[in-house]
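Worksheet: the structure to be examined is printed underneath.
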Amino acid sequence: MYLKIGNVKYSYCLKAQGRGRPAYFYEKQEIKLVKKQIDTPNINIELDEKQKEKLDKKLKIVTGFSDFKRKGQGGVKEYVTYVCKYIDDSYTSKKHYDWQREYKNHGARGLIDKRGKEKGTTKLTLQQQRFLIRNFRAFGAGEINYTQLWEELHREEEKINGFDFMAWKKNKVKNLCDRGVVQRFITNYYEKRVIEWTLITKGEDLNKSYNQPAMGSRKEQFTAKNQCWEIDSTPADVIIYHEGKQMRPDILAIVDAYSGRCVAVLAENSNKLAIIRLLWRAISEFGMPKMIKGDNGRDYLSKQFQNLLDNLYIRYDKAIAYSGDQKGQVERKFRTLQHSYMRCLAGFIGHNVSHRQKIEQQIAKKDRRAKDEFGNVAKTQAAKSSELLTWHELNAKLQEAIFLWEIDKKRRKGPNPIDLWNNCLETIVKIDYENFLVYAGGYVERTVQKDGINYDGRSYRNLNIVNKYRGQKVYVSENIDNMSEVFVFDKTGFLIGICEDRNISTMTKEDFVKAKREFAKDVSALQKEIKQDKLSARSKTSIKDDLKRARKEHDDSLKPVVTKKISNDEIQEKSKKPIPKFDDREIVKVVSVKKEVEESPYSAYAIAY
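What follows is the structure, encoded as structure tokens:
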């Protein structure tokens, strides 16, 4: 059989070819072989590794059917069962016929899945990907505007590859990619890079909270109560009304690391005296601890607090700076108290900036600067200071929250803190308040003089100590409950007596500090008034007015003078001398000199004389 196409005649051998075999056309002058490439994939097809794996798997299944059938192991049904059992459990009869047909008609190319895009792939070039990652790292804090990032990508393409950015802005040039391509690339790129994503968008501290590997329960490190305490402070999320003003107090807490029992107090701010008071309260309730875990705050590392711990044989373990996980139980206790028990109190201001903004927006914008009857600006939903809790009321709610949490079994699966405390048979060691007070006031070296011991600008006396230790070095510790007394120790640390200053009334250290603060405020206010009076007394604004007034009174007090006006001729006749003549320039000069004299600060003197 011959086939003529144009002027070329071909012969076609039909009998020599079987079903499904390639067809050959023979040209009369030159034989050309036209064969369909159906047994191997085209090497020019660009596939990634995943697509190549899928294609190899499909080729194995499709080409394996002929061997399966030739060996007499069965037909399509048996082959589908075989593939589902050993190769691909999702293989069906429909897939079998579809894949065989596509392979027959298009070869390996027909087995490539062309639906959509493979997850994780992108049309962006490697250079464009690096640009997007670099800019996201630089500007991704909080959230990023993907539209702007998409626009900056086109601007960068203009610098590198000559893309016409201005023509693109005028919609005369097509996009390099859609905005969604940029957003999907960033999302897919950071899907498995969680640590980098958190560092960029939320910062180092939250990355540590979110992604740092858990080291297990800290409670498991301790086997008995009072083995370790954790101490810390935090601002309360509540505004209260105290001593005529609104304030936000601090919460100071100590937590037993083994049982979870807690002691907490309110303080105007966290200082060494406040934590010393807190320590005594915890010792009086729990007993003496072996170790206290705290941070690097100056109040915790103060000499007064550290000397107290040393004399009580309590070891202080400093946590690494900015590592709240090292004292995680007290940090968690603060969250429990504030989130679970203080959220429904009057004066609640929220746990973070976002929460506080939402609470503030509950008040109309025109009323946010309005003041109540006490002159205080409304900072919370409680519009008046009279609706806020007082110091004692908030402290009572704080203690109630601690008691309820320690006995609560509704919110926890395991034993509560009270059960753990009661089941521990460890002996509790306690001390008297007097022994605690002796070391609570610091430990300062002083010399005993003939008039007593000078401490903090005051002189404390005790005749026995002066007579026995005059000229010797001793250690002094103030009585934080009575500022008129100091405890005196010898060099070995033995208490030798108490010195007194009878010029000071009995008051606590806190009252004394408060009195000094109020005194400083009064002095500052008086200094401002005195300075203002000095400025007003030295003011020169009224000098001219005073001069005019005095001159007027002076002139009015003079008697009127009788004057006689004579002519120039009469003057010339009496003097027998010619009258000098002045030109206009000399007259102007005389007038200007007279004006300068009148305006000078010495004008009164010039006029008087």
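Be aware that the sequence shown starts at 463, since it is given in the working numbering, and climbs by one per residue. Think of the CB as a built atom: it goes at the ideal place given N, C-alpha and C, for glycine as much as any other residue.
*Considering only residues of the same chain and omitting the five flanking positions on each side of residue 863, which have a CB-CB separation below 8 Å?*
Same-chain partners within the cutoff: 799, 802, 803 and 804.
*May I have the straight-line CA-CA distance separating residue 806 from residue 723, to the nearest angstrom?*
So the alpha carbons of these two residues sit roughly 24 Å apart.
*Relative to the alpha-carbon of residue 946, which residue among 668, 779 and 938 has its alpha-carbon at the smallest distance?*
Answer by Cα proximity: 938.
*What residue ranges within the stretch 690-720 form continuous alpha helix (DSSP H) runs of no fewer than 4 residues, ordered along the chain?*
none
*For residue 985, which three-state DSSP category applies?*
helix
*residue 929, enclosing alpha helix (DSSP H) - first and last residue*: 925-931
*Please report the Cβ distance between residue 903 and residue 961, rounded to the nearest whole angstrom; I am assuming they are in contact, meaning their Cβ atoms lie under 8 Å.*
Between residue 961 and residue 903 the Cβ distance is about 12 Å, and since that is not below 8 Å, they are no contact.
*Kindly indicate which three-state DSSP category residue 674 falls into: helix, strand or coil?*
Three-state DSSP puts residue 674 in coil, outside helix and strand.
*Closer than 8 Å by C-beta to residue 604: which residues in its own chain qualify, once you throw out the five before and the five after it? Chain order, please.*
663
*Mind pulling the alpha helix (DSSP H) runs of 4 or more residues that sit fully within the stretch 534-620?*
538-548, 555-568 and 588-601
*Taking just the CA atoms, how far does residue 786 sit from residue 794?*
Going from the Cα of residue 794 to the Cα of residue 786 covers about 10 Å.
_Using the three-state DSSP reduction, which class does residue 873 fall into: helix, strand or coil?_
coil
*Is the stretch 678-689 touching the stretch 878-892, taking contact as three or more C-beta pairs under 8 Å?*
yes
_Taking the straight line between their C-alpha atoms, what separation do you get for residue 587 and residue 638?_
About 10 Å.
*Measuring CA to CA, which of 952, 672 and 521 is closest to residue 431?*
Within the shown structure, residues of the chain are numbered from 463 to 1071, placing residue 431 beyond reach of any answer.
_CA nearest to the CA of residue 596, picked from 718, 618 and 899_ = Nearest C-alpha to residue 596: 618.
*Three or more beta-carbon pairs under 8 Å between the stretch 912-930 and the stretch 766-786, yes or no?*
Too few Cβ pairs lie closer than 8 Å, so no.
*Element boundaries [beta strand (DSSP E), containing residue 729]*: 724-729
*Under three-state DSSP, which class holds residue 916?*
strand
_So, with DSSP's three-state summary, where would you put residue 959?_
Strand at residue 959.
*Tell me which same chain residues have a C-beta within less than 6 Å of the C-beta of residue 541, skipping the five on either side of it?*
527 and 530
*Taking buried to mean at least 16 other C-beta atoms within 10 Å of its own C-beta, is residue 502 buried or exposed?*
Any reading at residue 502 must be qualified, since the residue scores a pLDDT of 45, below 50, and its modelled position is unreliable; no value is offered.
*Helix, strand or coil: how does DSSP classify residue 525 here?*
If DSSP states are grouped into helix, strand and coil, residue 525 belongs with the helices.
_Beta-carbon gap between residue 598 and residue 648 smaller than 8 Å_ = Yes, the Cβ-Cβ distance between residue 598 and residue 648 is below 8 Å.
_Environment of residue 745 [buried if 16+ CB atoms lie within 10 Å]_ = buried
_Taking 8 Å as the threshold (C-beta atoms), are residue 875 and residue 907 in contact?_
At a Cβ-Cβ threshold of 8 Å, residue 907 and residue 875 do not count as neighbours.
_For residue 921, the residue or residues it bridges with in DSSP_ = Here residue 921 is bridged, per DSSP, to 916.
*At a cut of 8 Å, does the stretch 669-683 reach the stretch 703-714 through at least three beta carbon pairs?*
No contact exists between the stretch 669-683 and the stretch 703-714.
*asked:* From the DSSP secondary-structure annotation, give me the bridge partner or partners of residue 909.
replied: 935
_Burial state of residue 490 (16 or more Cβ within 10 Å)_ = Bear in mind that the predicted position of residue 490 carries a pLDDT of just 40, short of 50, making it too unreliable to give a figure here.
*asked:* Please report the straight-line C-alpha distance between residue 700 and residue 712, rounded to a whole angstrom.
replied: 10 Å
*Taking the C-alpha atoms as reference points, what is the distance between residue 996 and residue 1007?*
20 Å
*Any idea what DSSP makes of residue 498, helix, strand or coil?*
Annotation note: pLDDT 39 at residue 498 (below 50); position unreliable, coordinate value reported separately. Residue 498: coil per DSSP, three-state reduction.
*What's the C-alpha gap between residue 569 and residue 562?*
C-alpha separation (whole angstroms): 9 Å.
*Nearest-angstrom Cα distance between residue 549 and residue 515?*
13 Å
*What first and last residue would you give for the alpha helix (DSSP H) that runs through residue 896?*
895-901
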